[in-house]
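K.L.:
Protein sequences appear in the order of chains Z and R.
At position 154 of the first sequence (counting the first as 1) the number is 154 in our numbering, and the numbers step up by one without a gap.
Heads up, our numbering is the position in the second sequence plus 336, with the first residue counted as 1.
In this text, a Cβ means the ideal position worked out from N, Cα and C, and glycines have one as well.
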Amino acid sequence: MLALFYIFIGVAIGVSFWQITRILNFRTSIANDADNAKQGKYAIYFMVFLYAMMIYCLIFMNVIMLPESASVEGEHDDRLFNITFWLIGIVQFIMQFIIFYFTFKYKGNKDNKAKFYADSHKLEAIWTITPALVLVVLIGYGLWQWNNVMDLSDAEDPLVIEVYAQQFRWDARYAGEDKTLGLGNVNYIEGVNTMGVDMSDKNSQDDIQVTELYLPKGRKVHFKFRSQDVLHSAYMPHFRAQMNCVPGMVTEFGFTPKFTTEEMRQQSEVVAKTKGINKVRSAKGEDLYEFDYLLLCNKICGASHYNMQMKITVVEPEEFEDWIGKQPTLAEVLKK
Amino acid sequence: MSEHHHKETFVTKYIFSQDHKMISKQFLITGMIMGIIALMMSMLFRLQLAWPEKSFSIIEAFLGPHQTDGVMNPDMYLALVTIHGTIMVFFVLTAGLSGTFSNLLIPLQIGARDMASGFLNMISYWLFFLSSVIMVISLFVEAGPASAGWTIYPPLSALPQAIPGSGTGMTLWLVSMAIFIASSLIGALNYIVTVLNLRTKGMKMTRLPLTMWAFFITAIIGVVSFPVLLSAALLLIFDRSFGTSFYLSDIFISGEVLHYQGGSPVLFEHLFWFLGHPEVYIVLLPALGITSEIISTNSRKPIFGYRAMVMSIMAIAFLSTIVWGHHMFISGMNPFLGSVFTFTTLLIAIPSAVKAFNYVTTLWKGNLQLNPAMLFSIGLVSTFVTGGLTGLVLGDSALDIAIHDTYFVVAHFHLVMGVSAIFGMYAGIYHWFPKMYGRMMNKTLGYWHFWITIICAYGVFWPMHFIGLAGLPRRYYTNTAFPMFDDIADINVVITLFAIVGGVAQLIFLANFFISIYRGEKASQNPWRSNTLEWTTPVEHIHGNWPGKLPEVHRWAYDYSKRVDPNDDDSDYLHGEDFVLQTTPLLPGEEPS
Chain Z
1 MLALFYIFIG VAIGVSFWQI TRILNFRTSI ANDADNAKQG KYAIYFMVFL YAMMIYCLIF
61 MNVIMLPESA SVEGEHDDRL FNITFWLIGI VQFIMQFIIF YFTFKYKGNK DNKAKFYADS
121 HKLEAIWTIT PALVLVVLIG YGLWQWNNVM DLSDAEDPLV IEVYAQQFRW DARYAGEDKT
181 LGLGNVNYIE GVNTMGVDMS DKNSQDDIQV TELYLPKGRK VHFKFRSQDV LHSAYMPHFR
241 AQMNCVPGMV TEFGFTPKFT TEEMRQQSEV VAKTKGINKV RSAKGEDLYE FDYLLLCNKI
301 CGASHYNMQM KITVVEPEEF EDWIGKQPTL AEVLKK
Chain R
337 MSEHHHKETF VTKYIFSQDH KMISKQFLIT GMIMGIIALM MSMLFRLQLA WPEKSFSIIE
397 AFLGPHQTDG VMNPDMYLAL VTIHGTIMVF FVLTAGLSGT FSNLLIPLQI GARDMASGFL
457 NMISYWLFFL SSVIMVISLF VEAGPASAGW TIYPPLSALP QAIPGSGTGM TLWLVSMAIF
517 IASSLIGALN YIVTVLNLRT KGMKMTRLPL TMWAFFITAI IGVVSFPVLL SAALLLIFDR
577 SFGTSFYLSD IFISGEVLHY QGGSPVLFEH LFWFLGHPEV YIVLLPALGI TSEIISTNSR
637 KPIFGYRAMV MSIMAIAFLS TIVWGHHMFI SGMNPFLGSV FTFTTLLIAI PSAVKAFNYV
697 TTLWKGNLQL NPAMLFSIGL VSTFVTGGLT GLVLGDSALD IAIHDTYFVV AHFHLVMGVS
757 AIFGMYAGIY HWFPKMYGRM MNKTLGYWHF WITIICAYGV FWPMHFIGLA GLPRRYYTNT
817 AFPMFDDIAD INVVITLFAI VGGVAQLIFL ANFFISIYRG EKASQNPWRS NTLEWTTPVE
877 HIHGNWPGKL PEVHRWAYDY SKRVDPNDDD SDYLHGEDFV LQTTPLLPGE EPS
């Protein structure tokens, strides 16, 4: 197969070389009317290709896109995204048509004369003001949503979780019953205390360290991010959430999970996407895939950057209380 | 000066030349060599992305110790994307594009004998050459070249423990970039001074061709922002080599706590993007300037809205220096700053839209001469619109959270600045090749080159948006570690095939370029029937550009198809031809446009 590929490449190069030398013997360089007519026609062919591809991708790649937002805050992201996407989609389809249609329509000809048309303040005003007005809407909605997402001050009884990044794994720590995280610093990293928690801080005692996240549905989760070595980024695409983890500082993000993992698995977009994935996997003879929320690293961090992930499971609140009750506190773990 | 007799040796003519026309060719050839290197790198990592586990003898041959049985190592993958980005952004699209065309066109289009300082101009090129050599050498150091991404965020770029490329490779990268910045600044200062001081009689600022405006403003942005990158790089050198803590704090790596205290990587991000974002426009504005000129000439029409075009260039330049934070919405900086940057970022859509609409209006009712240069310019408008529109998604901080650093971003910036700027560069080469070499490039090969390239450019980058919307982060060595991305494997293969065909198609251009230098059709003095001053110089290059006196300018650069009766499209051309050289005096009673 590969040999065939190389032979094909060899032949292709040979043919192109022959063609190029042949073409170069015609020393023509300035477009004449015949060229204009031909290239104008090609512009239309290209436009057809472009539209076919754009539409094909929009329709058939819809299934690979992320499903609807699994966080309450992300709903507005999706809405704003849809508005923006429709808008730029329409402009794109109109503009590309105009560009290539004009190329065809006004292709040069000896008998034609171009119109001398240097200025029109009216037209320019139109296409300055129209985008400006549209932008008012986009900027307004965008900023409102940005404040909505980034403002963590008004949540009642949020679940506080620290996410800790290091090459190339994630750890997490729940604040425990006192709802306050104990202090942490790289100087305290030792043995099982991989997050460098300061155990002399009384708030640290009931903290719970885990390697997989459990989140209760419907309760605001307040994440605090730290990093041990280099920049990482905690990317939770299904929740429309992302924040860098920066050594030397604590960054924050928050969202409220909307669907449990189980509910998400039933969701029609997820079902369709899972079907597509499993078609590929079974063709390769791999295990079938089941949907899970994930936290991915999304800031280049080293060789295994591509495989730095943590599973997130969203469950009903009662189930969550059940689960967290069974986890040992940090004090218990370190005493062992 | 022109009557001054230069005794030229091979060295002064071809190597340490101070003639702007020769220096521009030197920039172009060096840029092209760097471009070929960076393009081949992208072919290699596209192979890896499409067929992650497959063994390729080409990878075995090229990557030596950085591959295992024909499969590249993860470190090398990161190194390749890093160097591909660095070379393309700085060495090809900054030095290769600005260096070539600013040098060639500024003296020729404003009517000057040469740059303000030919000597500094020569230094600028040789510093660029030196930095290119160092960057290429860095590919061969034992632990591999810099591999922290072209944005080289510390601590990754500061700590060799974090990634092998952050050892000697990174040191060479920083040295190379420092020299590059010096080259770029010397060049930019020269361009600014030349445009301001050496314009010929009658060449008012308001009569400058748009290429001149674009290069002039680009040089100003460069002077404002490049020094900041230099300081960022210097502080990083201090952190790496002298134990300071500008960017580093609280780090535990390889089993030990490092001594760094109190620094912040976010500071680096601010400094980097203070150049990094204007850099996008340093890359793009010259391409837009070239396009303005070529579209107008080949449409046989004045550029529509000259003043609006100049003002949009200025507006873009101004806004470009106050939007850098949109690369950092999720860096941990204060969310309020995020709001400010969202606002300023989206404002850029206005001047950009004005430019796009003005291009289209210039095409309207034109008499389009579809030369390869013209097609590339039209292609630029197309990709600029496609790529620019998705900027509205990414510039909106609330939306950026969800797709930041995914392939959506990769697709966006490749279209809007990568492909667009390259198209501008190709357009410029096809258009001014007769000015550079006194011969013409072959149009048939030019057509092949254009159509294959634009089809492949869209074939690569349009589907890539959707991979990004699936949530796939960029700079992943492979996405096989995540079953949730298994359904995009086929798309990756298609993208790679388009990339390979598009990459190989550039050979058509190279063949055309190099063979035409020696065997191309001899150029006439003004082959495109253009208005600007460079087409009044003799075809054969001479020192001082014009024999005898410098030309005097009497009108703007865009009097194409000017009529006897401005309101009657059927009336005769005012000057008997559909173009009027800038040196042609106004007729009695003629209104200046």
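Could you confirm whether any beta carbon from chain C is found closer than 7 angstroms to the beta carbon of Gln861/R?
P.N.:
The structure shown contains no chain C; the protein chains it does contain are Z and R.
K.L.:
Is Trp18/Z buried or exposed, if buried means 16 or more other CB atoms sit within 10 Å of its CB?
P.N.:
Looking at its Cβ environment, which holds fewer than 16 other Cβ atoms inside 10 Å, Trp18/Z is exposed.
K.L.:
Gln403/R by DSSP, collapsed to three states: which one?
P.N.:
The answer is strand: DSSP assigns Gln403/R an E or B state.
K.L.:
Nearest CA to the CA of Leu546/R: which residue from Ile639/R, Asn533/R, Ala569/R?
P.N.:
Looking at the Cα atoms, Ile639/R is the closest of the given residues.
K.L.:
Give me whichever residues DSSP pairs with Tyr293/Z in a beta bridge.
P.N.:
Looking at the DSSP assignment, Tyr293/Z forms a beta bridge with Ile312/Z.
K.L.:
Nearest-angstrom Cα distance between Gln597/R and Leu231/Z?
P.N.:
Distance between the alpha carbons of Gln597/R and Leu231/Z is about 16 angstroms.
K.L.:
When the Cβ atoms of the segment 686-704 of chain R are set against those of the segment 50-59 of chain Z, are three or more pairs found closer than 8 angstroms?
P.N.:
No: the two stretches stay apart, fewer than three of their Cβ pairs being nearer than 8 angstroms.
K.L.:
Just to confirm before moving on: does the CB-CB distance between Lys360/Z and Val63/Z stay below 7 angstroms?
P.N.:
The question about residue 360/Z has no answer, for chain Z in this structure spans 1 to 336.
K.L.:
Return the chain-ordered list of same chain residues with a C-beta closer than 6 angstroms to the C-beta of Arg535/R, the five sequence neighbours on each side being excluded.
P.N.:
The answer, listed in chain order, is Ile446.
K.L.:
Pop quiz: Ala835/R and Ser453/R are said to be a contact at Cβ under 8 angstroms. What is the actual Cβ separation, rounded to whole angstroms?
P.N.:
Going by Cβ atoms, the distance from Ala835/R to Ser453/R rounds to 42 angstroms, so no, they are not a contact pair.
K.L.:
Would you please verify whether the beta carbon of Gly702/R is less than 7 angstroms from any beta carbon of chain Z?
P.N.:
True, the Cβ-Cβ gap to chain Z drops below 7 angstroms.
K.L.:
Counting only Cβ pairs nearer than 9 angstroms, list the residues of chain Z close to Val696/R.
P.N.:
Chain Z residues near Val696/R: Met95, Ile98, Ile99, Phe102.
K.L.:
Within this structure, are the beta carbons of Phe159/Z and Val91/Z separated by less than 7 angstroms?
P.N.:
With the sequence shown as reference, residue 159/Z is identified as Leu, and Phe is not the correct amino acid for it. For Leu159/Z and Val91/Z, no; Cβs fall outside 7 angstroms.
K.L.:
Would you verify that the beta carbon of Asp586/R is, or is not, closer than 7 angstroms to some beta carbon of chain Z?
P.N.:
Interface residue, yes.
K.L.:
Going along chain Z, which residues have a C-beta under 7 angstroms from Arg636/R?
P.N.:
Under the 7 angstroms cutoff, chain Z gives Ala114.
K.L.:
At a Cβ threshold of 7 angstroms, is Lys691/R touching chain Z?
P.N.:
So no, Lys691/R is outside the interface.
K.L.:
How about Leu330/Z and Gln209/Z: do their beta carbons lie closer than 7 angstroms?
P.N.:
It is a contact, given that the beta carbons lie within the stated cut-off.
K.L.:
Check Asn148/Z in the structure and name its three-state DSSP category.
P.N.:
Residue state, collapsed to three classes: helix.
K.L.:
What span of residues does the alpha helix (DSSP H) with Arg643/R cover, start to end?
P.N.:
Note, Arg643/R: alpha helix (DSSP H), 642-656.
K.L.:
For Phe578/R, count neighbouring C-beta atoms within 10 Å of its own C-beta (all shown protein chains included) and say buried if the count is 16 or more, exposed if not.
P.N.:
That one is exposed.
K.L.:
Give the DSSP-derived three-state secondary structure of Met337/R in the structure shown.
P.N.:
Because the pLDDT of Met337/R is 42, which lies under 50, any placement of that residue in the model is unreliable, and the number read from its coordinates should be weighed accordingly. Three-state result, Met337/R: coil.
K.L.:
Give me the Cα-Cα distance between Pro317/Z and Ile324/Z, rounded to the nearest whole angstrom.
P.N.:
One C-alpha to the other measures close to 11 angstroms.
K.L.:
Any contact between the segment 807-814 of chain R and the segment 294-312 of chain Z? By contact I mean 3 or more CB pairs, one from each, below 8 angstroms.
P.N.:
Flag = yes, the segment 807-814 of chain R and the segment 294-312 of chain Z touch.
K.L.:
With a floor of 4 residues, list each alpha helix (DSSP H) that falls wholly inside the segment 477-545 of chain R, ordered by position along the chain.
P.N.:
Segments of the alpha helix (DSSP H) lying fully in the segment 477-545 of chain R: 504-533.
K.L.:
Any beta carbon from chain Z within less than 7 angstroms of Ala568/R's own beta carbon?
P.N.:
It does not; no Cβ of chain Z falls within 7 angstroms.
K.L.:
Need the endpoints of the alpha helix (DSSP H) that Ile827/R sits in, please.
P.N.:
Where Ile827/R is concerned, the enclosing alpha helix (DSSP H) stretches over 825-855.
K.L.:
Note down the Cα distance separating Lys113/Z from Met645/R, rounded to an integer number of angstroms.
P.N.:
One C-alpha to the other measures close to 24 angstroms.
K.L.:
Whole angstroms is fine: what's the gap from Met820/R's alpha carbon to Ile99/Z's?
P.N.:
Straight-line Cα distance between these residues: approximately 38 angstroms.
K.L.:
DSSP state of Asp822/R, grouped into three classes?
P.N.:
Residue state, collapsed to three classes: helix.
K.L.:
Mind pulling the alpha helix (DSSP H) runs of 4 or more residues that sit fully within the segment 718-760 of chain R?
P.N.:
Runs of the alpha helix (DSSP H) inside the segment 718-760 of chain R: 733-739, 743-749.
K.L.:
If you measure between the beta carbons of Leu621/R and Val564/R, is that distance less than 7 angstroms?
P.N.:
No.
K.L.:
Note down the Cα distance separating Cys792/R from Leu594/R, rounded to an integer number of angstroms.
P.N.:
Answer to the nearest angstrom: the Cα atoms are 47 angstroms apart.
K.L.:
Just checking, does the segment 564-574 of chain R make contact with the segment 599-618 of chain R on the three C-beta pairs under 8 angstroms criterion?
P.N.:
With the cut-off at 8 angstroms, the segment 564-574 of chain R and the segment 599-618 of chain R touch.
K.L.:
Taking a Cβ distance cut-off of 9 angstroms, strictly less, list which residues of the segment 134-147 of chain Z are near chain R, in chain order.
P.N.:
Listed by position, the residues of the segment 134-147 of chain Z near chain R (Cβ gap below 9 angstroms) are Val134, Leu135, Leu138, Ile139, Tyr141, Gly142, Leu143, Trp144, Gln145, Trp146, Asn147.
K.L.:
Roughly how many angstroms separate the alpha carbons of Glu927/R and Gln705/R, rounded to a whole number?
P.N.:
The alpha-carbon atoms of Glu927/R and Gln705/R are separated by roughly 27 angstroms.
K.L.:
When DSSP labels each residue in this structure, what does Tyr896/R get in the three-state scheme?
P.N.:
Residue state, collapsed to three classes: coil.
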